[in-house]
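Worksheet: the structure to be examined is printed underneath.
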Amino acid sequence: MSRQSQNQIRAVISGTGADLPEKVLTNSDLEQMVDTESDWIVQRTGIAERRIAEQDTSTSDLAANAARRALKSAQIDPLDIELIVVCTATPDMSFPSTACVVQMKIGAKNAHAFDLSAACSGFVYGLDLADGMIKSGRYKTILVIGAETFSRIVNWTDRSTCILFGDGAGAAIVQASTEDRGIIASYCGADGAYADTELLAVPAGGSTLPVTAENVKKQLHKITMKGREVFKLGVRIMPEAALHTLQMAGLTVEDIDLVIPHQANLRIIEAVGERIGVPSEKLYINVDRYGNTSAATVIIALDEALRSKRVNSGDLVLLVTFGAGLTWGASIIRM
Ligand code: UT7
12 MSRQSQNQIR AVISGTGADL PEKVLTNSDL EQMVDTESDW IVQRTGIAER
62 RIAEQDTSTS DLAANAARRA LKSAQIDPLD IELIVVCTAT PDMSFPSTAC
112 VVQMKIGAKN AHAFDLSAAC SGFVYGLDLA DGMIKSGRYK TILVIGAETF
162 SRIVNWTDRS TCILFGDGAG AAIVQASTED RGIIASYCGA DGAYADTELL
212 AVPAGGSTLP VTAENVKKQL HKITMKGREV FKLGVRIMPE AALHTLQMAG
262 LTVEDIDLVI PHQANLRIIE AVGERIGVPS EKLYINVDRY GNTSAATVII
312 ALDEALRSKR VNSGDLVLLV TFGAGLTWGA SIIRM
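The working numbering runs 11 ahead of the 1-based position in the sequence shown.
Rendered as structure tokens:
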């Protein structure tokens, strides 16, 4: 595809940041909590450890810390932010939105703010939204955050799910620019046929099953998942989304410098890499250290890749994700 014409508005990621809680929960720690073995977890998921937020740390705390670092790396003032989108499945509370709490915590008084619910696909959905809003000409500076405290919704007696998840947040400042970089192609999809199947859900706590003593006793306010089915869907959907987005951009996988897939399971990541034809050195992996941080995985990974210079200015990055809903999405960005 030809490079952009001059003066075309692009949505550029001008700064990123992340925040991971200090507390580490290892596989050996989990051996003390449920009937599992460290080797099993490593072989089936690739996860060695994950981070867990302290009890007095909320999703908005992680989100605000990540946002402050992103502001610093973009070298902008919080008052320049016009919109805050917090992508999360673990908000501080049902309402007010976590985004409003973040607005207060970082002093972004000129921004309006809302949460976006797309489970693990959240950040890619948020980026897609920011891309559209910036290209419309209405916004110049948007803060998109993926932030989660899944430790709060994990059933710590269910060995098939509690081993998978961790807490963390990542943030990106997305700004209008006429430079020849930024979001080149972005694509999101959903299939609500999977929404009420308990394939991957927190069934209670909303209008369908309000919080009652009985629902809590049945652990319905915690994650329930049919792991094997989710696995198969991820391995099918992420390559489709990635290839579709490459096609939209008029690029091939060889053009991409780094692929950052949703970090849910190493076997899923490797299968995605194989199916889209990416050599392992171009596949970003940090699931071993953080587990699945849902909406935060891809932006935590992008922030790490930028800071470690695995990704440099001008490089092409492909983010691809899937999650409950079902939802999925991919984004190609020239950094
Ligand atoms: O963001 C998206 C969110 N979720 C995902 O991406 C998760 C996708 N799915 C997965 O990652 C995998 O399905 C799991 C890691 C959850 C499970 O791995 P699996 O290879 O699909 O195992 P399985 O569910 O088919 O279970 C195999 C066996 C079962 O025992 P039996 O029935 O064969 O006797 C499980 O009970 O492994 C057992 N098992 C465990 N054993 C030791 C399940 N969890 C554990 C465990 N430790 N933690």
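Here a beta-carbon is modelled for each residue, glycine too, at the ideal position from N, C-alpha and C.
Close-in-space but distant-in-sequence residues of the same chain around residue i (CB under 6 angstroms, 5 per side omitted)
| i | result |
| --- | --- |
| L31 | R62, G179 |
| V96 | L127, G137, V155 |
| G200 | W339 |
| L337 | D202, Y205 |
| T56 | N276 |
| M236 | T172, L211 |
| F176 | F161, V165, G302, N303 |
| N76 | D30 |
| A122 | I92, E93, L94, I95, Q114 |
| S25 | A85, I184, Q186 |
| L330 | V135, I271, V309, S342 |
| R145 | For the record, residue 145 in the displayed sequence is Ile; it is not Arg. Cβ within range, chain order: A22, A187. |
Any non-hydrogen atom of the ligand UT7 within 6 angstroms of residue i CB
| i | result |
| --- | --- |
| W167 | no |
| F106 | no |
| G238 | yes |
| N276 | yes |
| V270 | no |
| F176 | no |
| V331 | no |
| N226 | no |
| T47 | yes |
| G137 | no |
| W348 | Outside the shown range of the chain (12 to 346) lies residue 348, about which nothing can therefore be said. |
| N297 | no |
| V241 | yes |
| R55 | yes |
| N38 | no |
| G284 | no |
| G179 | no |
| G334 | yes |
| N18 | no |
| R192 | no |
Buried versus exposed call for residue i [16 or more other C-beta atoms within 10 Å across all chains shown]
| i | result |
| --- | --- |
| W339 | buried |
| L140 | buried |
| K228 | exposed |
| E33 | exposed |
| S13 | Annotation note: pLDDT 46 at S13 (below 50); position unreliable, coordinate value reported separately. Per the 10 Å Cβ criterion, exposed. |
| L90 | exposed |
| T223 | exposed |
| Q274 | buried |
| F161 | buried |
| T256 | buried |
| P272 | buried |
| R239 | exposed |
| M104 | exposed |
| D72 | buried |
| S324 | exposed |
| R192 | buried |
Residues near residue i in its chain [Cβ-Cβ closer than 8 angstroms; skip 5 each side]
| i | result |
| --- | --- |
| S39 | S49 |
| F242 | N276, R278, I279 |
| A124 | L94, I95, V96, V97, S108, A110, C111, V113, Q114 |
Chain-order list of residues whose beta-carbon lies under 7 angstroms from that of residue i (same chain, five-residue window excluded)
| i | result |
| --- | --- |
| D266 | L327 |
| L231 | P214, A215, L220 |
| I287 | P250, A253, L254, V264 |
| N226 | A215, L220, H232 |
| G245 | A275, I279, F333 |
| V35 | E60, R62 |
Residue range of the beta strand (DSSP E) that includes residue i
| i | result |
| --- | --- |
| G325 | No beta strand (DSSP E) holds G325; DSSP gives it neither H nor E. |
| V96 | 94 to 98 |
| G340 | 338 to 345 |
| L36 | 35 to 37 |
| E315 | From DSSP, E315 is part of no beta strand (DSSP E) but of the alpha helix (DSSP H) over 308 to 318. |
| T27 | 21 to 30 |
| E60 | 60 to 62 |
Bounding residues of the alpha helix (DSSP H) (the contiguous stretch that carries residue i)
| i | result |
| --- | --- |
| A47 | This sequence places Thr at residue 47; Ala is not what is there. That residue, T47, is in no alpha helix (DSSP H); it is neither H nor E in DSSP. |
| A275 | Neither: A275 is in no alpha helix (DSSP H) and is coded neither H nor E. |
| V4 | The question about residue 4 has no answer here: the residues shown for the chain are numbered 12 through 346. |
| V298 | 298 to 301 |
| S71 | 70 to 85 |
| M115 | 109 to 117 |
Beta carbon proximity, residue i to chain B, threshold 7 angstroms
| i | result |
| --- | --- |
| L90 | No chain B appears in the structure shown, which is made up of a single protein chain. |
Runs of beta strand (DSSP E) lying entirely within the segment 157 to 240, each at least 3 residues, in chain order
The segment 157 to 240 contains these whole beta strand (DSSP E) runs: 178 to 188, 193 to 201.
Ordered list of alpha helix (DSSP H) runs contained in the segment 125 to 153, each at least 4 residues
Complete alpha helix (DSSP H) runs here, min 4: 133 to 146.
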